[in-house]
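Note that numbering that gives the first Met the number 0 numbers the sequence shown so that position 25 is 24, with each residue one more than the last. Note that the Cβ used here is the ideal one computed from N, Cα and C, for glycine as well. Remember, predicted model here, so these are calculated numbers, not experimental data. Working notes, beginning with the structure itself.
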Amino acid sequence: MAELKYLSGFGSELSSEDPRRPGALPVGRNTPQRCAYGLYAEQISGSAFTAPRHDNRRTWFYRIRPSVVHKPFKRLDVAKYLTHKWDEQEPDPNQSRWLPFDLPASPVDFVGGLHTVCGAGDARARHGLAIHVYLCNKSMDNSAFYSSDGDFLIVPQQGTLTITTEFGVMEVAPNEIAVIQLGMRFAVAVDGPSRGYILEVFDGHFKLPDLGPIGANGLANPRDFLTPVAKYHDEDNINFTIVSKYQGALFAAQQRHSPFDVVAWHGNYVPYKYNLANFMVINSVSFDHCDPSIFTVLTCPSTKPGVAIADFVIFPPRWSVQEDTFRPPYYHRNCMSEFMGLILGAYEAKEGGFRPGGASLHSMMTPHGPDAQCFNAASKAELKPQKIALGTQAFMFESSLSMAITKWGAETCQKLDAKYYECWQELPKLFSDKIEI
Ligand code: FE2
Numbered sequence: 000m001a002e003l004k005y006l007s008g009f010g011s012e013l014s015s016e017d018p019r020r021p022g023a024l025p026v027g028r029n030t031p032q033r034c035a036y037g038l039y040a041e042q043i044s045g046s047a048f049t050a051p052r053h054d055n056r057r058t059w060f061y062r063i064r065p066s067v068v069h070k071p072f073k074r075l076d077v078a079k080y081l082t083h084k085w086d087e088q089e090p091d092p093n094q095s096r097w098l099p100f101d102l103p104a105s106p107v108d109f110v111g112g113l114h115t116v117c118g119a120g121d122a123r124a125r126h127g128l129a130i131h132v133y134l135c136n137k138s139m140d141n142s143a144f145y146s147s148d149g150d151f152l153i154v155p156q157q158g159t160l161t162i163t164t165e166f167g168v169m170e171v172a173p174n175e176i177a178v179i180q181l182g183m184r185f186a187v188a189v190d191g192p193s194r195g196y197i198l199e200v201f202d203g204h205f206k207l208p209d210l211g212p213i214g215a216n217g218l219a220n221p222r223d224f225l226t227p228v229a230k231y232h233d234e235d236n237i238n239f240t241i242v243s244k245y246q247g248a249l250f251a252a253q254q255r256h257s258p259f260d261v262v263a264w265h266g267n268y269v270p271y272k273y274n275l276a277n278f279m280v281i282n283s284v285s286f287d288h289c290d291p292s293i294f295t296v297l298t299c300p301s302t303k304p305g306v307a308i309a310d311f312v313i314f315p316p317r318w319s320v321q322e323d324t325f326r327p328p329y330y331h332r333n334c335m336s337e338f339m340g341l342i343l344g345a346y347e348a349k350e351g352g353f354r355p356g357g358a359s360l361h362s363m364m365t366p367h368g369p370d371a372q373c374f375n376a377a378s379k380a381e382l383k384p385q386k387i388a389l390g391t392q393a394f395m396f397e398s399s400l401s402m403a404i405t406k407w408g409a410e411t412c413q414k415l416d417a418k419y420y421e422c423w424q425e426l427p428k429l430f431s432d433k434i435e436i
């Protein structure tokens with residue numbers, strides 16, 4: 000069982016020491032002349048050295064060998080559908096929906112199973128995002144992965160992931176999420192066929208949204224985020240592969256030891272996990288349908304106030320009590336791109352077609368909303384207090400960038416549902432010369 004501790008707020012100073020080596024963590028300085036137990040000190044910086052204090056992120060590792068002990072990186076020929084090439088396809092403004100993505104028929108690990116569905120921007124310019132799915136059935140074996148391009152927000156849909164990091168180990172099951180930030184090395188073990196979604200942001204790091212008039216509590220509370228505790232592997236004379244995602248391509252370097260050799264660490268740049276069941280839902284208790292921003296778990300802000308590179312938003316089980324109101328999501332067009340996935344259950348605005356392990360994309364200013372069946376039912380429903388989305392967890396990656404679908408997403412995966420548009424075609428004309436219908 001993975002040991003975890005509370006993150007106690009984003010940006011808090013944390014420390015952890017493997018109990019097998021008490022005193023490994025230096026006191027009073029980051030780089031003693033000689034570290035205890037013959038360890039090396041190494042810093043990982045997640046922000047510019049000169050970033051303001053509230054945004055400054057770094058962690059010190061005390062490890063058996065520094066990360067630099069590896070052979071040169073060479074191009075790695077796996078995950079051929081992992082890409083940052085946003086011009087593979089002609090632009091397509093249509094509503095897109097994917098049936099559940101296929102699990103692999105032959106052994107594939109987490110890295111080999113990365114497939115990019117859509118994205119925008121440029122990791123070289125540190126601006127943009129990529130949305131991937133992972134489709135795998137095999138644990139990573141003597142290999143570790145890191146992204147030099149962005150933070151990975153991982154949303155398992157099927158299968159529990161055991162994620163070994165330089166900081167320690169996290170188990171992440173469906174209805175939980177993990178965030179592995181830029182540069183952090185990790186390996187994924189699976190318990191069977193595994194599928195999930197990844198939001199990778201190139202600009203910066205995920206944060207908790209501000210709460211404004213909501214007050215000090217609500218949505219995702221800081222106290223519910225967990226980070227691993229130090230647990231080192233002292234393995235020599237092994238063939239270990241470090242895989243780097245760098246400018247959208249994969250590279251591999253060989254080394255003869257485990258990179259999970261951190262005996263102690265301290266800092267405020269850490270991986271973390273969160274159970275979506277702990278989300279405190281805020282909603283209208285009078286009338287109307289709130290904007291989905293009330294369900295934001297984490298946000299990666301842009302430099303424009305209130306505008307996100309990407310928000311991670313969920314639609315959890317909750318009470319619906321609004322009166323004299325059309326309760327489902329309203330019809331709309333948005334200056335943001337909305338990628339949705341379904342972890343489990345059935346999403347209330349579209350009970351058919353949008354299935355666990357599938358996805359949808361409603362691009363910039365592309366109209367969307369409830370299907371005809373949902374509209375007809377909700378327009379006539381008796382509006383008594385009702386629990387909705389029971390046994391369901393849908394989510395949205397919402398971005399201010401206009402995303403392109405990859406060739407894999409549009410064609411190769413063969414899961415794009417060409418009939419998606421039909422769900423709105425039966426919406427009736429209800430217009431009448433009578434004010435009440
Ligand atoms: Fe929408």
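First and last residue of the uninterrupted alpha helix (DSSP H) at residue i
| i | result |
| --- | --- |
| Ala380 | Taken as a continuous stretch (DSSP letters only), Ala380 belongs to no alpha helix (DSSP H), as it is neither H nor E. |
| Glu199 | Not the alpha helix (DSSP H): Glu199 falls in the beta strand (DSSP E), residues 193–200. |
| Gln424 | 421–424 |
Beta carbon of residue i nearer than 8 Å to that of residue j
| i | j | result |
| --- | --- | --- |
| Leu134 | Asp416 | no |
| Arg19 | Asp260 | no |
| Val110 | Ile342 | no |
| His256 | Glu234 | yes |
| Tyr245 | Asp148 | yes |
| Val269 | Phe294 | no |
| Asp190 | Thr159 | yes |
| Ala309 | Leu128 | yes |
| Phe314 | Val296 | no |
| Tyr329 | Val178 | no |
| Val320 | Pro384 | yes |
| Trp59 | Ala40 | yes |
| Gly195 | Gln156 | yes |
| Leu225 | Lys84 | no |
| Cys373 | Pro327 | yes |
| Ala78 | Ala143 | no |
| Ser15 | Tyr145 | no |
| Ile281 | Gly217 | yes |
| Phe250 | Arg123 | no |
| Leu429 | Pro316 | no |
Nearest-angstrom Cβ-Cβ length linking residue i and residue j, presumed shorter than 8 Å
| i | j | result |
| --- | --- | --- |
| Met395 | Pro291 | 7 Å |
| Ala307 | Phe338 | About 13 Å; that fails the 8 Å criterion. |
| Ile130 | Val116 | 5 Å |
Beta-bridge pairing of residue i - partner residues as DSSP gives them
| i | result |
| --- | --- |
| Gly167 | Thr164 |
| Asn274 | Glu175 |
| Trp437 | Residue 437 lies beyond the stretch modelled for the chain, which goes from 0 to 436, so this question has no answer here. |
| Met395 | Val312, Met339 |
| Trp97 | Ala358, Leu415 |
| Arg74 | Phe250 |
| Arg317 | Ile387 |
| Gln88 | DSSP, once it has assigned bridges, lists no residue as partnering Gln88. |
| Lys206 | Thr298 |
| Leu113 | Tyr133 |
| Asp121 | His126 |
| Met279 | Leu218 |
| Glu16 | Ala263 |
| Phe144 | Phe185, Val242 |
| His256 | Asp235 |
| Ile434 | Bridge partners of Ile434: none, in fact. |
Heavy atom of the ligand MN within 7 Å of residue i beta-carbon
| i | result |
| --- | --- |
| His331 | This structure lacks the ligand MN; the ligands present are the ligand FE2. |
Continuous beta strand (DSSP E) stretch holding residue i: start and end
| i | result |
| --- | --- |
| Gln289 | Per the sequence shown, residue 289 should be read as Cys rather than Gln. Taken as a continuous stretch (DSSP letters only), Cys289 belongs to no beta strand (DSSP E), as it is neither H nor E. |
| Cys135 | 126–135 |
| Asp437 | This structure gives no information on residue 437, because the portion of the chain shown stretches from 0 to 436. |
| Lys4 | 3–5 |
| Phe185 | 185–189 |
| Gln157 | 150–157 |
| Pro227 | 225–227 |
Cut-off 7 Å between Cβ atoms - residues of its own chain near residue i, not counting five sequence neighbours on either side
| i | result |
| --- | --- |
| Ala276 | Asn174 |
| Phe9 | Lys206, Leu207, Pro221 |
| Thr82 | Thr115, Gly247, Thr405 |
| Thr411 | Tyr80 |
Close Cβ partners of residue i (< 8 Å) along its chain, the five nearest in sequence each way excluded
| i | result |
| --- | --- |
| Leu38 | Ala23, Tyr61, Arg62, Ile63, Val262, Ala263 |
| Ile237 | Asn141, Arg255, His256, Ser257 |
| His331 | Pro366, His367, Gly368 |
| Cys334 | Met363, Met364, Ser399 |
| Lys414 | Trp97, Leu98, Pro99, Phe100, Asp101, Gly357 |
Proximity test, Cβ basis, 8 Å: residue i and chain C
| i | result |
| --- | --- |
| Ala215 | Although the question refers to chain C, the structure presented lacks it and comprises just one protein chain. |
Own chain, CB closer than 6 Å to residue i, minus 5 neighbours either side, in chain order
| i | result |
| --- | --- |
| Ala188 | Ser138, Thr161 |
| Lys418 | none |
| Cys422 | Asp370 |
| Ala252 | His69, Lys70, Phe72, Ile241 |
| Asp287 | Thr324 |
| Val200 | Leu128, Gly149, Asp150, Cys299, Ile308, Ala309 |
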